Amino acid sequence: MVNFIAVRLMHGAIAVFFLMLLVFFLSSAAGDPLALLVPPGVSPEVEANIVRGLGLDQPLSTQFVIYVRDVLGGDLGTSFVTGRSVSEMIWDRLPASLRLIGPATALSVILGVTLGVVAAVSPSRTVRRSLETFAAVTMAAPAFWIALVLIWIFAVNLGILPTSRFGGFRHHILPIATLTLAMTPSFLRAMRSSILDVLGEEYIKMARLKGVSERMVIAKHALKNALSSTVSLTAIYLSVLVTGSVTLETVFSWPGVGFMTYQALLQRDFPVIRGVVIVSGIGIVLVTLLADLIQVSLDRRIRL
Amino acid sequence: MSDTQDVTEDFEGTTSSGASIPWVAAVGLGVFVVASLLGPFLLEGSPDTTVLGSRFQPPSREHLLGTDSLGRDVLVRMVYGGRTSLALLAIALSVGMVVGGLVGMLAGMSRGAVGSILGRLIETALAIPSLLIAILVAAALGPGFWSLTIAISLMLWARFAGVIRGVVLSVREREYVLQGKLHGLSTAKTMWVHVVPNVASAALVVASVEVGHIVLLEATLSFLGAGIASPQVSWGLIIADGSNYLGRAWWISVMPGVVLVGVILALNTLGNWVRDYLDPAKFV
Chain Y
40 MVNFIAVRLM HGAIAVFFLM LLVFFLSSAA GDPLALLVPP GVSPEVEANI
90 VRGLGLDQPL STQFVIYVRD VLGGDLGTSF VTGRSVSEMI WDRLPASLRL
140 IGPATALSVI LGVTLGVVAA VSPSRTVRRS LETFAAVTMA APAFWIALVL
190 IWIFAVNLGI LPTSRFGGFR HHILPIATLT LAMTPSFLRA MRSSILDVLG
240 EEYIKMARLK GVSERMVIAK HALKNALSST VSLTAIYLSV LVTGSVTLET
290 VFSWPGVGFM TYQALLQRDF PVIRGVVIVS GIGIVLVTLL ADLIQVSLDR
340 RIRL
Chain G
5 MSDTQDVTED FEGTTSSGAS IPWVAAVGLG VFVVASLLGP FLLEGSPDTT
55 VLGSRFQPPS REHLLGTDSL GRDVLVRMVY GGRTSLALLA IALSVGMVVG
105 GLVGMLAGMS RGAVGSILGR LIETALAIPS LLIAILVAAA LGPGFWSLTI
155 AISLMLWARF AGVIRGVVLS VREREYVLQG KLHGLSTAKT MWVHVVPNVA
205 SAALVVASVE VGHIVLLEAT LSFLGAGIAS PQVSWGLIIA DGSNYLGRAW
255 WISVMPGVVL VGVILALNTL GNWVRDYLDP AKFV
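Rendered as structure tokens:
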């Protein structure tokens, strides 16, 4: 177990290293930062000072080492546009994002797991088929379009909910509903297929032979193991979540990290985008690591 | 611990409806491809023809999907947007398949440090949400068709490499391959005879499963302004154009979205069918 954790930690560290390498490489491809940072018409000495101050006179390898040191120390650079520290900007915007992400994740886990079990074991063919169709259609629909359709129905036509922007409870309904709709099918399908997998296994047949009721079989045996294999798909849920948050916050003008990323993209504010990518990347590596550990403790079949 | 390819496959779910060809999806896709290829020769007008006198026309016989805020025909723009998607699919899939195939085979064949480092690299690339990579590329190189192609290839190669690495790892330990080696078959010959055919069908499966994701991602990125930029046409861009006029002209955003969902649904359905058909044991 200790060995397993050590190996996973090392994998995580390597992943973060590769991510930094990619981000650093793209930053150098982004063009000359001097063009943006040096005011026009300054003397060569001043320019040389700025170059030295930013470490741009160093070889690329040294610059990369400095970059890694900065990121690990929590320094993500300074926004070209606002002149503020990128870490601070992310920190300021995070609560608004979490107000959508938290409830939407909770709702879609509950909905996805419940509907997934129903889609796997329901005796009614119609129920199973409609849940499959629901998952297939919502998975094919882009989150931004679902959001627009919901706005069109509930805000424009019925006029019962606000179209966008941050505000009270009513402002949360449409964004959370959309994010939930975007995430639920992933959980539903994962749950459904792992329940079907688990139900085919020997120990389940054994339990049935021993006369354990079907409800007990599903509740006690199948659900537990199916949950653990569902946890292993964390990376995919996170990907859906990040994509969903960026597009939704943009559609709803919601003042979170996603909308900030969108605005930074419009303004070509590279340090902000770079910061968001590196922070989400590290976050995803950590959450995946955590999920691995949870999976190991949930599933007794995995012995490492 | 599950390998990366299991993750993608589980996520897609399995089609329990048996192995019959999903005709509805196939015909729908055929219509989409033919319309994109031949549409410009059959329909009048170009996607940029602005007729200010006929702005915000609801769907009618003349304009099947209505017109937008500049009086451009939405159906004509959809046809041109479809061409953009097809071009992107063709280029990104080829690049992803070639790069991912080579890296995946190398990662699967080489033992020791190289194989292990490549394996980590593939896992990392799979873990980072493709939307973030694409926004990063768009910010670094400026949005447009080519940075979108680069971004999508950056995501795709890892999907191919992950699955192909898994296939190579499992094939190379099989009895007949080991037997061949014992009988003096060279590594190159082993690759050619045993590994390449398996890899080819795996690559086909990945490609058919990923097309839907690519179309979806392209629309999302173009909608956000990180993908196709005007004057080129894309479905995401059309929907974004219409999002300001939901009250006045709902069809500009809603109708292309319906078509988009239909196409992605058809692509996913066919993709799952190809996967089940080619190798149910390995990929389900």
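Listed in order, the protein sequences are those of chains Y and G.
Following this note's numbering from start to finish, the first sequence increments by one per residue and tops out at 343.
Following this note's numbering from start to finish, the second sequence increments by one per residue and tops out at 288.
Ideal placement from N, C-alpha and C gives every residue a C-beta, glycine not left out.
Everything numeric in this text was worked out from a predicted model, so none of it was measured.
Close-in-space but distant-in-sequence residues of the same chain around G320/Y (CB under 6 angstroms, 5 per side omitted): Residue mapping note: residue 320/Y aligns to position 281 of the first sequence, counting from 1. Contacts found: L58.
For L97/G and S205/G, the rounded distance between their alpha carbons: As a working mapping, residue 205/G is identified with position 201 in the second sequence. As a working mapping, residue 97/G is identified with position 93 in the second sequence. So the alpha carbons of these two residues sit roughly 15 angstroms apart.
Reduced DSSP category for D245/G - H, G, I as helix; E, B as strand; rest coil: Your numbering for residue 245/G matches position 241 in the second sequence. DSSP places D245/G in helix when its eight states are reduced to three.
Given 8 angstroms, three or more beta-carbon pairs between the stretch 207-227 of chain Y and the stretch 245-261 of chain Y: no
The stretch 221-232 of chain G: positions lying closer than 7 angstroms to chain Y by Cβ: A223, T224, F227, L228, G229, A230
Length-filtered (4 minimum) alpha helix (DSSP H) runs lying within the stretch 202-256 of chain G: 239-246
Interface flag, D280/G vs chain Y, CB-CB below 8 angstroms: The sequence position of residue 280/G within the second sequence is 276, counting from 1. It does not: the Cβ of D280/G has no partner Cβ on chain Y nearer than 8 angstroms.
Three-pair Cβ contact test at 8 angstroms for the stretch 194-207 of chain Y versus the stretch 161-179 of chain Y: no
Chain Y contacts made by the stretch 43-55 of chain G, where a contact means CB separation under 9 angstroms: none
Boundaries (first-last residue) of the alpha helix (DSSP H) holding K185/G: The residue labelled residue 185/G in the question sits at position 181 within the second sequence. Looking at the DSSP string, the run of the alpha helix (DSSP H) that includes K185/G is 179-186.
Residue-level contact to chain Y via CB, T128/G, 8 angstroms cutoff: What you label residue 128/G is simply residue 124 of the second sequence in a count that begins at 1. By this cut-off, T128/G is an interface position.
Inter-residue Cα distance where the pair is A244/G and S238/G: As a first step, residue 244/G is located in the second sequence; it is residue number 240 there, counting from the start. As a first step, residue 238/G is located in the second sequence; it is residue number 234 there, counting from the start. Distance between the alpha carbons of A244/G and S238/G: 10 angstroms.
Rounded Cβ spacing between R169/G and G123/G (contact assumed at less than 8 angstroms): Numbered from its first residue, the second sequence carries residue 169/G at position 165. Numbered from its first residue, the second sequence carries residue 123/G at position 119. At roughly 7 angstroms, the Cβ-Cβ gap stays under 8 angstroms, so R169/G and G123/G are in contact.
DSSP three-state assignment for D7/G, whether helix, strand or coil: In the second sequence, residue 7/G corresponds to position 3, counting from 1. At D7/G, the pLDDT of 36 sits below 50, so the modelled position is not reliable and the matter cannot be decided from this model.
Rounded separation between L145/G and L186/G - CA only: Taking the first residue of the second sequence as 1, we reach residue 145/G at position 141. Taking the first residue of the second sequence as 1, we reach residue 186/G at position 182. In a straight line, the C-alpha of L145/G is about 51 angstroms away from that of L186/G.
C-alpha distance - L262/Y paired with T273/G, whole-angstrom precision: Your numbering for residue 262/Y matches position 223 in the first sequence. Your numbering for residue 273/G matches position 269 in the second sequence. In a straight line, the C-alpha of L262/Y is about 27 angstroms away from that of T273/G.
Inter-residue Cα distance where the pair is V285/Y and E179/G: For the purposes of this step, residue 285/Y is identified with residue 246 of the first sequence, where counting begins at 1. For the purposes of this step, residue 179/G is identified with residue 175 of the second sequence, where counting begins at 1. Spanning the two alpha carbons is a distance of roughly 49 angstroms.
Contact set between P63/G and chain Y, taken where Cβ atoms lie within less than 9 angstroms: To locate residue 63/G, count along the second sequence from 1; it is residue 59. Near P63/G there are no residues of chain Y at all, since even the closest Cβ is about 15 angstroms away, more than 9 angstroms.
Residue range of the alpha helix (DSSP H) that includes S114/G: Here residue 114/G refers to the residue found at position 110 of the second sequence. Premise fails: S114/G is in no alpha helix (DSSP H) and is neither H nor E.
Within chain G, partners of L304/Y - CB distance below 9 angstroms: Your numbering for residue 304/Y matches position 265 in the first sequence. By Cβ distance, chain G contributes I139, A142, A143, P147, L228, G229, A230.
Which listed residue (A165/G, T194/G, L152/G, V203/G) has its alpha carbon closest to that of A223/G: Here residue 223/G refers to the residue found at position 219 when the second sequence is read from its first residue. Of the candidates A165/G, T194/G, L152/G, V203/G, the one whose C-alpha sits nearest the C-alpha of A223/G is L152/G.
Beta-carbon spacing of V315/Y, I89/Y below 8 angstroms: As a first step, residue 315/Y must be located in the first sequence, where it is residue number 276. As a first step, residue 89/Y must be located in the first sequence, where it is residue number 50. Result no, Cβ atoms of V315/Y and I89/Y do not sit closer than 8 angstroms.
Proximity to L150/Y [Cα-Cα], best of S136/Y, R168/Y, F173/Y: One-based indexing of the first sequence puts residue 150/Y at position 111. Here the closest residue by C-alpha is F173/Y.
Interface flag, A162/G vs chain Y, CB-CB below 8 angstroms: Numbered from 1 along the second sequence, position 158 holds the residue referred to as residue 162/G. Answer no: the Cβ-Cβ gap between A162/G and chain Y never drops below 8 angstroms.
Separation of T121/Y from R176/G, as counted between CA atoms: Locating residue 176/G in the second sequence gives position 172, counting from the first residue. Locating residue 121/Y in the first sequence gives position 82, counting from the first residue. Going by the C-alpha atoms only, they are around 55 angstroms apart.
Residue environment, T2/G, which counts as buried when at least 16 other CB atoms sit within 10 Å: Look at the range of chain G in this structure, 5 to 288, and you will see that residue 2/G is not part of it.
Neighbour list for V258/G in chain Y, Cβ cutoff strictly below 7 angstroms: By one-based count along the second sequence, residue 258/G stands at place 254. Under the 7 angstroms cutoff, chain Y gives V188, W191.
Residue burial classification, Y84/G (beta-carbon count within 10 angstroms, cutoff 16): In the second sequence, counting from the first residue as 1, residue 84/G sits at position 80. That one is buried.
Interface residues of chain G facing R307/Y [CB-CB closer than 7 angstroms]: The residue labelled residue 307/Y in the question sits at position 268 within the first sequence. In chain order: A143.
Cβ of W254/G within 8 angstroms of any chain Y Cβ: Residue numbering aside, residue 254/G sits at position 250 when the second sequence is read from its first letter. Closer than 8 angstroms: yes.
Closer than 8 angstroms to chain Y by CB, I156/G: As a working mapping, residue 156/G is identified with position 152 in the second sequence. No, because no Cβ of chain Y sits closer than 8 angstroms to the Cβ of I156/G.
Contact list for R87/G against chain Y, beta-carbon separation under 9 angstroms: As a working mapping, residue 87/G is identified with position 83 in the second sequence. Neighbours of R87/G on chain Y: none; closest Cβ ~19 angstroms, over 9 angstroms.
Sequence-distant residues of its chain with Cβ nearer than 6 angstroms to A29/G (five each side left out): For the purposes of this step, residue 29/G is taken as residue 25 along the second sequence, with counting starting at 1. Excluding residues within five positions, the ones whose Cβ falls inside 6 angstroms are A270, T273, L274.
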